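**Student:** Numbering (this note's numbering), first residue to last: 304 to 697.
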Ligand SMILES: [Mn+2]
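Structure, rendered in structure tokens:
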């Protein structure tokens, strides 16, 4: 008999699906949050059943359980821990630990890809195209390689995972992996995913109009309230407002703050760490402590949201050699224009600023950070130019 303890996200459940494919009814699978794994391991060890092989995937145990597991192994117990998080690399010192962040070809690994490789090389499972394709989608999603490769199938697999219960998802995938030659979504799933995508798009459009910006801890931060779709929101808001270093997403009901960034020079796990939280460089979170509440909620509640750039312009375009016109809530106008091949300058309310910029983006970031401006629509732009012409005639 086997027992698999795995994470309750797509990558963790991918391992559960592979275990059921390989071992059928000879395996019991339990999915855990990061915090519940240690309880499960303790429970397993208390029963001290050496006839059951324990496999742990996508998660690692605390120090006490690390020692207990090794003692169990030394006493003849069967254990295998497979993980791909760099925080778990120290488990490689045990015969029962296998942690790899990259595979032999230098690709980032996921728990599902490591477990597939393990099952195939130990001849516990026959490799197949459809399973390899499923494993690769999970790997690309879990490592965020899907974004770089624009792998929409990987993103949609995770969306489907969240639309279904874990049991339904497992059942559907097991059926697919045993009866098809290639991995594809069926018509009903495609329809469901399309509807979900439209819903997320509308939600994000609304949230774009609620974002406020503040300067804190040496960073420019965008703040928005949202209970769901944090990854999508962090990504879309980050791209819409690239002058912001990161986006803080407040979940008031859950008393949590999520941090997301699209920038390589920002590590949001450091920001979260300042408030007693943690995570990865691009995605992290913390509890809404008193300090976090004061900074993110109390100090920002009175702020007006940022205005979006006009999107359907034909004349007032960004990077235009005629200049791009911006405005803030105080009705101050700013024209950002190239003065020669190298420099960009700004005219604020018809007065040229001393400061120049080496690129359009640098100039726009300066304006958006310091004056919270947005690109005006064509009508406003034309009126501004007409005004200039009239003044010239007078
Ligand atoms: Mn994982």
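Just so you know, even glycine gets a beta-carbon here, dropped at the ideal spot from N, CA and C.
Note that the structure is predicted; figures quoted are calculated from it, not measured.
Between residue 560 and residue 591, is the Cβ-Cβ spacing less than 8 Å?
**Tutor:** For the purposes of this step, residue 560 is identified with residue 257 of the chain shown, where counting begins at 1. For the purposes of this step, residue 591 is identified with residue 288 of the chain shown, where counting begins at 1. Between residue 560 and residue 591, the gap from beta carbon to beta carbon is short of 8 Å.
**Student:** From residue 480 to residue 454, what does the alpha carbon distance come to, in whole angstroms?
**Tutor:** Locating residue 480 in the chain shown gives position 177, counting from the first residue. Locating residue 454 in the chain shown gives position 151, counting from the first residue. Straight-line Cα distance between these residues: approximately 20 Å.
**Student:** Taking only the alpha-carbon atoms, compute the straight-line gap between residue 519 and residue 304 and give it to the nearest angstrom.
**Tutor:** As a first step, residue 519 is located in the chain shown; it is residue number 216 there, counting from the start. As a first step, residue 304 is located in the chain shown; it is residue number 1 there, counting from the start. Approximately 54 Å between the Cα atoms of the pair.
**Student:** With DSSP as the reference, please indicate the residues paired to residue 456 in a beta bridge.
**Tutor:** Walking along the chain shown from the start, residue 456 turns up at place 153. For residue 456, which the question treats as bridged, DSSP gives no partner whatsoever.
**Student:** Considering only residues of the same chain and omitting the five flanking positions on each side of residue 610, which have a CB-CB separation below 6 Å?
**Tutor:** Within the chain shown, the letter at position 307 stands for residue 610. Here the set comprises 677.
**Student:** Consider the C-beta atom of residue 406 and the heavy atoms of ligand 3; say whether any pair is separated by less than 7 Å.
**Tutor:** Ligand 3 is not part of the structure shown, which contains ligand 1 as its ligands.
**Student:** Does DSSP classify residue 519 as helix, strand or coil?
**Tutor:** Position 216 of the chain shown, counted from the start, is the residue given in the question as residue 519. Reduced to three states, the DSSP call for residue 519 is strand.
**Student:** Pick helix, strand or coil for residue 482, following the three-state DSSP scheme.
**Tutor:** Taking the first residue of the chain shown as 1, we reach residue 482 at position 179. Three-state result, residue 482: helix.
**Student:** Below 8 Å, how does it come out for the segment 642-657 and the segment 570-588: are there three or more Cβ pairs, yes or no?
**Tutor:** no
**Student:** DSSP three-state label for residue 271, please.
**Tutor:** Because the chain here runs from 304 to 697, residue 271 falls outside it and cannot be looked at.
**Student:** Could you check where the alpha helix (DSSP H) with residue 332 kicks off and where it finishes?
**Tutor:** Translated into the one-based positions of the chain shown, residue 332 becomes position 29. In the DSSP assignment, residue 332 falls outside any alpha helix (DSSP H) and within the unbroken beta strand (DSSP E) covering 330-335.
**Student:** Within this structure, are the beta carbons of residue 360 and residue 307 separated by less than 8 Å?
**Tutor:** Counting from 1 along the chain shown, the entry for residue 360 is found at position 57. Counting from 1 along the chain shown, the entry for residue 307 is found at position 4. In this structure, residue 360 places its C-beta atom within 8 Å of the C-beta atom of residue 307.
**Student:** Taking DSSP as the reference, what is the three-state secondary structure of residue 561?
**Tutor:** As a first step, residue 561 is located in the chain shown; it is residue number 258 there, counting from the start. Note: residue 561 maps to strand in three-state DSSP.
**Student:** Inspect the CB distances between the segment 546-561 and the segment 528-537 and report whether three or more fall short of 8 Å.
**Tutor:** yes
**Student:** If you reduce the DSSP assignment to three classes, tell me which class residue 637 lands in.
**Tutor:** On the chain shown, residue 637 is found 334 positions in, with the first residue counted as 1. Of the three classes helix, strand and coil, the one that applies to residue 637 here is strand, per DSSP.
**Student:** Out of curiosity, what's the CA-to-CA distance linking residue 394 and residue 604?
**Tutor:** Within the chain shown, residue 394 is the residue found at index 91, counting from 1. Within the chain shown, residue 604 is the residue found at index 301, counting from 1. Going by the C-alpha atoms only, they are around 46 Å apart.
**Student:** Name the two residues that bound the continuous alpha helix (DSSP H) containing residue 419.
**Tutor:** Residue mapping note: residue 419 aligns to position 116 of the chain shown, counting from 1. From DSSP, the alpha helix (DSSP H) with residue 419 extends over 414-424.
**Student:** Can you look up residue 612 in the DSSP assignment and give me helix, strand or coil?
**Tutor:** For the purposes of this step, residue 612 is taken as residue 309 along the chain shown, with counting starting at 1. DSSP places residue 612 in coil when its eight states are reduced to three.
**Student:** Is the CB-CB distance between residue 639 and residue 688 below 8 Å?
**Tutor:** Walking along the chain shown from the start, residue 639 turns up at place 336. Walking along the chain shown from the start, residue 688 turns up at place 385. Not a contact, by the Cβ cut-off of 8 Å.
**Student:** Any idea what DSSP makes of residue 554, helix, strand or coil?
**Tutor:** Locating residue 554 in the chain shown gives position 251, where the first residue counts as 1. Three-state DSSP puts residue 554 in a strand.
**Student:** Does the segment 475-491 come within contact of the segment 428-440, defined as at least 3 CB pairs closer than 8 Å?
**Tutor:** yes
**Student:** Assess, as a yes-or-no matter, whether the segment 337-348 is touched by the segment 396-404 under the definition of 3 or more beta carbon pairs within less than 8 Å.
**Tutor:** Judged by Cβ distances under 8 Å, the segment 396-404 makes no contact with the segment 337-348, as fewer than three pairs qualify.
**Student:** Candidates 351, 356 and 386: which alpha carbon is nearest residue 371's?
**Tutor:** Here residue 371 corresponds to residue number 68 of the chain shown, with the count starting at 1. If we check each option's Cα against that of residue 371, 351 comes out closest.
**Student:** Please classify residue 657: is it buried, with 16 or more other beta-carbons within 10 angstroms of its beta-carbon, or exposed?
**Tutor:** By 1-based counting over the chain shown, the position of residue 657 is 354. Counting Cβ neighbours within 10 Å, residue 657 comes out exposed, since fewer than 16 surround it.
**Student:** Within the segment 499-550, note down every full beta strand (DSSP E) run reaching 3 residues or more, in order along the chain.
**Tutor:** Taking only runs of at least 3 residues, the beta strand (DSSP E) segments lying wholly in the segment 499-550 are 515-519 and 522-528.
**Student:** Which full runs of the alpha helix (DSSP H) of 4+ residues lie inside the segment 362-410, going along the chain?
**Tutor:** 366-377
**Student:** Along the chain, where does the alpha helix (DSSP H) containing residue 320 start, and where does it finish?
**Tutor:** The residue labelled residue 320 in the question sits at position 17 within the chain shown. First-last of the alpha helix (DSSP H) with residue 320: 313-326.
**Student:** Would you mind reading off the limits of the beta strand (DSSP E) that contains residue 443?
**Tutor:** For the purposes of this step, residue 443 is identified with residue 140 of the chain shown, where counting begins at 1. It is not in any beta strand (DSSP E) - residue 443 instead sits in the alpha helix (DSSP H) that spans 432-446.
**Student:** Closest to residue 543 by C-alpha separation, out of 691, 667 and 356, would be which residue?
**Tutor:** As a first step, residue 543 must be located in the chain shown, where it is residue number 240. Residue 667 is the option with its Cα nearest to residue 543.
**Student:** Whole angstroms is fine: what's the gap from residue 492's alpha carbon to residue 362's?
**Tutor:** Here residue 492 refers to the residue found at position 189 when the chain shown is read from its first residue. Here residue 362 refers to the residue found at position 59 when the chain shown is read from its first residue. C-alpha separation (whole angstroms): 29 Å.
**Student:** Thinking C-alpha only, which one of 452, 321, 682 and 517 is nearest residue 548?
**Tutor:** In the chain shown, residue 548 corresponds to position 245, counting from 1. Closest option to residue 548, Cα to Cα, is 517.
**Student:** Exposed or buried, residue 252, counting other C-beta atoms within 10 Å across all chains shown (16 or more means buried)?
**Tutor:** With the chain running from 304 to 697 in the structure shown, residue 252 is simply not present.
**Student:** Flag this pair as touching only if the segment 320-329 and the segment 456-463 have three or more C-beta atom pairs under 8 Å; answer yes or no.
**Tutor:** Pairwise C-beta distances place the segment 320-329 out of contact with the segment 456-463, as fewer than three of them are shorter than 8 Å.
**Student:** Going by alpha carbons, who is nearest to residue 327 out of 600, 641, 474 and 443?
**Tutor:** The residue you call residue 327 lines up with position 24 of the chain shown. Taking residue 327 as reference, the option from 600, 641, 474 and 443 with the minimal CA-CA separation is 474.
**Student:** Within 10 angstroms of the Cβ of residue 338, are there 16 or more other Cβ atoms? Answer buried if so, exposed if not.
**Tutor:** The residue given as residue 338 occupies position 35 in the chain shown. Classification for residue 338: exposed.
**Student:** Please determine whether the Cβ atom of residue 387 lies at a distance below 7 Å from any heavy atom of ligand 1.
**Tutor:** Here residue 387 corresponds to residue number 84 of the chain shown, with the count starting at 1. Checking every heavy atom of ligand 1 against the Cβ of residue 387, one is found closer than 7 Å.
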